[in-house]
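Numbering (the UniProt record's numbering), first residue to last: 1 to 361. Beta carbons are placed, not taken as given, at the ideal position from N, Cα and C, and that holds for glycine.
Below, the structure written as structure tokens:
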């Protein structure tokens with residue numbers, strides 16, 4: 001029998017979000033209903049609200065979540081009711097050309113629930129990143145549920161569902177940061193700070209944090225940055241070169257998603273170095289670079305989707321590292337809030353005084 005729960009929707013472009021009654025259909029084959037315990041407020045949710053992802057309004061927001069499996073559909077064998085899970089938006093298919101080549105983190109046909117959740121009047125909702133977790137319960141594909149150790153609090157575990165995983169993975173999986181490397185991270189929000197944590201875990205010798213906000217740079221130091229650069233008052237490319245013996249960093253991670261900061265990343269890397277774009281641009285943005293510079297500097301220009309992660313491999317590993325004290329996931333949580341506080345959380349995000357607001361249900 002369909003269930004009625006409370007959830008946060010974005011009704012239209014740049015309109016205030018509101019709490020509405022959401023109808024969850026009976027679970028279908030390959031699907032799961034998850035009772036949400038906590039969900040982080042990610043910048044991607046703000047992009048959905050602003051219409052910067054697409055215009056398939058209304059959206060059921062929220063995707064960075066942990067909770068308990070309530071029910072599963074026919075054919076589901078990997079999870080069962082009562083399992084503690086982190087939700088992911090890259091449920092690999094196992095059949096596409098990437099999966100068949102042994103590269104499932106690039107899966108080109110990831111799964112979402114086939115049924116749609118709706119409003120009471122039958123209006124179909126578009127769940128953010130196929131999840132929609134600013135809600136008491138949500139319907140997802142079973143492959144979007146990754147079992148983890150229930151000893152980790154949901155407001156902490158859920159962050160691995162997007163921002164923290166994206167940043168750590170950008171450093172370790174995409175950037176291949178290694179022992180003794182120099183790394184620069186441009187943009188020190190949640191994803192950038194996670195990239196700093198990932199670089200530290202990988203053994204980087206020097207980690208340079210770049211931002212325009214001194215508060216964020218101070219936080220970056222607590223995450224493992226060895227040096228900081230305020231790019232509002234200091235030219236960042238010159239500063240990064242000065243800190244790397246004039247060469248540039250081995251890996252530069254761009255966690256803003258803007259053409260001007262991408263150019264900084266491009267010119268701040270060493271010859272044959274790597275640029276990783278993990279910041280999410282908007283559709284109208286354009287990038288222009290001299291092709292000769294692209295050719296002459298060599299190296300690699302990479303984009304990192306979800307930190308090139310494989311949730312079944314990476315989520316449990318990072319939970320274990322947190323439990324060992326090697327990653328302090330709790331350091332990413334600035335505040336816990338309720339469903340009715342999401343609009344205020346977006347405002348705080350604009351003000352730059354919050355790393356992560358987390359909705360706790």
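Euclidean distance between Cα positions of residue i and residue j
| i | j | result |
| --- | --- | --- |
| residue 271 | residue 28 | 52 Å |
| residue 277 | residue 1 | 44 Å |
| residue 441 | residue 169 | For the chain, the structure presents residues 1 to 361; residue 441 sits outside this window and is missing. |
| residue 215 | residue 225 | 13 Å |
| residue 206 | residue 182 | 5 Å |
| residue 262 | residue 72 | 43 Å |
| residue 362 | residue 124 | Because the chain in this structure spans residues 1 to 361, residue 362 falls outside the shown range and cannot be described. |
| residue 122 | residue 60 | 14 Å |
| residue 227 | residue 142 | 43 Å |
| residue 310 | residue 23 | 31 Å |
| residue 102 | residue 108 | 13 Å |
| residue 30 | residue 106 | 21 Å |
| residue 339 | residue 114 | 25 Å |
| residue 325 | residue 294 | 41 Å |
| residue 43 | residue 100 | 33 Å |
| residue 8 | residue 20 | 6 Å |
| residue 251 | residue 243 | 13 Å |
| residue 76 | residue 82 | 14 Å |
| residue 264 | residue 292 | 17 Å |
| residue 296 | residue 120 | 58 Å |
Alpha helix (DSSP H) segment containing residue i, residue limits
| i | result |
| --- | --- |
| residue 267 | 259-267 |
| residue 96 | No alpha helix (DSSP H) holds residue 96; DSSP gives it neither H nor E. |
| residue 7 | Where residue 7 is concerned, there is no enclosing alpha helix (DSSP H), although the beta strand (DSSP E) it sits in stretches over 3-10. |
| residue 219 | 214-223 |
| residue 345 | 342-351 |
| residue 239 | 236-243 |
| residue 227 | Here residue 227 belongs to no alpha helix (DSSP H); instead the beta strand (DSSP E) covers 227-230. |
| residue 86 | Counting along the chain, residue 86 falls outside any alpha helix (DSSP H), though it belongs to the beta strand (DSSP E) covering 84-87. |
| residue 120 | Segment: none, residue 120 is in no alpha helix (DSSP H) and carries neither H nor E. |
Selection from the options that minimises the alpha carbon distance to residue i
| i | options | result |
| --- | --- | --- |
| residue 32 | 7, 78, 57, 16 | 78 |
| residue 163 | 343, 306, 351, 338 | 306 |
| residue 3 | 197, 241, 118, 15 | 118 |
| residue 178 | 202, 156, 251 | 202 |
| residue 303 | 297, 295, 281 | 281 |
| residue 128 | 198, 299, 116 | 116 |
| residue 140 | 96, 198, 25 | 25 |
| residue 190 | 95, 328, 321, 89 | 328 |
| residue 155 | 67, 48, 232 | 67 |
| residue 86 | 148, 283, 227 | 148 |
| residue 173 | 308, 23, 349, 352 | 308 |
| residue 112 | 97, 104, 93 | 93 |
| residue 39 | 16, 18, 161 | 161 |
| residue 188 | 349, 17, 90 | 349 |
| residue 298 | 273, 310, 242 | 273 |
| residue 157 | 200, 55, 88, 293 | 88 |
| residue 36 | 120, 210, 153, 251 | 153 |
| residue 260 | 245, 236, 345 | 236 |
| residue 176 | 126, 186, 199 | 199 |
| residue 90 | 98, 97, 110, 82 | 110 |
| residue 352 | 212, 80, 14 | 212 |
| residue 159 | 14, 208, 332 | 332 |
| residue 51 | 301, 209, 16 | 16 |
| residue 279 | 301, 264, 258, 292 | 258 |
| residue 54 | 14, 18, 80 | 14 |
Element boundaries [beta strand (DSSP E), containing residue i]
| i | result |
| --- | --- |
| residue 18 | 18-24 |
| residue 40 | 31-40 |
| residue 67 | 64-72 |
| residue 250 | 249-254 |
| residue 206 | 206-211 |
| residue 303 | 300-303 |
| residue 335 | 335-337 |
| residue 186 | 182-186 |
| residue 357 | 357-360 |
| residue 174 | Here residue 174 belongs to no beta strand (DSSP E), and DSSP marks it neither H nor E. |
| residue 110 | Counting along the chain, residue 110 falls outside any beta strand (DSSP E), and DSSP gives it neither H nor E. |
| residue 151 | Per DSSP, residue 151 belongs to no beta strand (DSSP E) and is neither H nor E. |
| residue 139 | 137-141 |
Residue j beta carbon less than 8 Å from that of residue i
| i | j | result |
| --- | --- | --- |
| residue 171 | residue 253 | yes |
| residue 289 | residue 315 | no |
| residue 357 | residue 337 | yes |
| residue 133 | residue 65 | yes |
| residue 62 | residue 135 | yes |
| residue 359 | residue 335 | no |
| residue 256 | residue 223 | no |
| residue 184 | residue 240 | yes |
| residue 145 | residue 319 | no |
| residue 268 | residue 246 | no |
Supposed close pair residue i, residue j - CB separation, criterion 8 Å
| i | j | result |
| --- | --- | --- |
| residue 70 | residue 137 | 7 Å |
| residue 57 | residue 12 | 5 Å |
| residue 342 | residue 5 | That belief does not hold up - the Cβ atoms of residue 342 and residue 5 are roughly 15 Å apart, past 8 Å. |
| residue 98 | residue 49 | At roughly 31 Å, the Cβ-Cβ gap does not stay under 8 Å, so residue 98 and residue 49 are not in contact. |
Neighbour flag for residue i against chain C, beta carbons, 8 Å
| i | result |
| --- | --- |
| residue 142 | Annotation note: the requested chain C is absent from the structure, which comprises a single protein chain. |
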